[in-house]
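Asker:
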Amino acid sequence: MLLTAMGRRRYTHMFRSELTVSIAGVSCTPQKYSINIMHILLVEDDPAHAEAAMRAMRSLEGPIHHVNDGQKAVAFLKTHLADLIIIDWQLPGIDGFELLQWVRVNLGDRPVVLFLTSRVLEVDIVRALRAGADDYIAKPFRLDELTARVEALLRRHQRSIKSADVLCVGNYILDSGHRCISLHGKRIELTGREFDVAAFLLRNTGRVISRDLLAKLAWGREIDSTSRTIDTHIYRIRQKLFADPVNGLRLRTIYTHGYRLDEDD
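Counting from 1, one number per residue, gives the positions in the sequence shown under UniProt numbering.
(1) Does DSSP classify Arg211 as helix, strand or coil?
(2) Can you tell me the Cα-Cα spacing of Arg130 and Asp124, whole angstroms?
(3) Got a sec? Which residues, its chain only, sit under 6 Å from Asp244 by beta carbon, not counting five neighbours each side?
(4) Of all the options Val112, Asp212, Glu151, Ile188, which has the alpha carbon lying nearest to the alpha carbon of Ala128?
(5) Could you check the C-alpha separation between Glu61 and Leu114 for me, to the nearest Å?
(6) Hey, would you say residue 266 sits closer than 8 Å to Asp264, going by beta carbons?
(7) Would you report the Cα separation of Asp134 and Arg155, rounded to the nearest angstrom?
(8) Is it buried or exposed for Asp144, if we count other Cβ within 10 angstroms and need 16 for buried?
(9) Expressed to the nearest angstrom, what Euclidean distance is found between the alpha-carbon atoms of residue 270 and Phe97?
(10) Taking only runs of the alpha helix (DSSP H) that begin and end inside the region 214-265, which ones reach a length of at least 4 residues, in chain order?
(11) In whole angstroms, give me the CA-to-CA distance for Ile237 and Ala48.
(12) Which residues in the same chain as Leu251 place their Cβ atom closer than 6 Å to its Cβ, once the five residues preceding and following it in sequence are excluded?
(13) Got a sec, what are the start and stop residues for the beta strand (DSSP E) Val166 sits in?
(14) Below 8 Å, how does it come out for the region 83-94 and the region 190-208: are there three or more Cβ pairs, yes or no?
(15) Contact defined as beta carbons within less than 8 Å: I believe Val169 pairs with Leu249. What is the distance between those atoms, to the nearest angstrom?
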């Protein structure tokens, strides 16, 4: 199905009732996060093209987030995970090419990037691919082709995730390569030591971890048994992780022994 300028009004009317809720320029379809669910970010300022693209991807398992300019995309990506980013080249403010460069510098090669744009000259396509785009589709686009390309990119991305150092525990994703822990797709702000301790607990769920072991892990040495440093860090980690049965985890204090992180179904 081909989206043309003549069909924009018709698509806007057809899809408006099925669009996800939009708040402060960001729309999304919230779902439970897991390693098998892919998060998609669509960066498109044209309402008709955005609606059509989101319609094409509604059959995919996972949330679809939409922002309408480059600055909002950067703000979103600083606090949320995205497995696939679909970028229009001609955006207000930060254009699509600048956004692509920001993604590769700050997020590495993990997010898949698909360019969706009316710029179809060979020089533009080559420039985008060499800058780090994984695929390129021209406007006006066929909805079935967009769906098929997105599915292919996500399959490839999912295989790379499963072979990488990524762990799914409850509703949490531990990405050791990027030193990141996320809950429901949203990054949790942790200090370096907090990440080291939390990551070790996530890798050792169900196992009692002694205070001495945690101290050596985070500080490289034992800490006096009367010190509350470890307890303070565990308290902060528990609060930041929202370690609660509703999220599939419970962080327990095992008296005189240490701490244990349990998966709670």
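Just so you know, even glycine gets a beta-carbon here, dropped at the ideal spot from N, CA and C. The structure displayed is predicted, hence computed values, not measured ones.
Answerer: Straight from the coordinates:
(1) helix
(2) 10 Å
(3) none
(4) Val112
(5) 18 Å
(6) No answer is possible for residue 266: it lies beyond the span of the chain, which begins at 1 and ends at 265.
(7) 13 Å
(8) exposed
(9) Given a span of 1 to 265 for the chain in the structure shown, any question on residue 270 remains unanswerable.
(10) 229-241
(11) 43 Å
(12) Arg238, Ala243, Leu261
(13) 166-169
(14) no
(15) 7 Å
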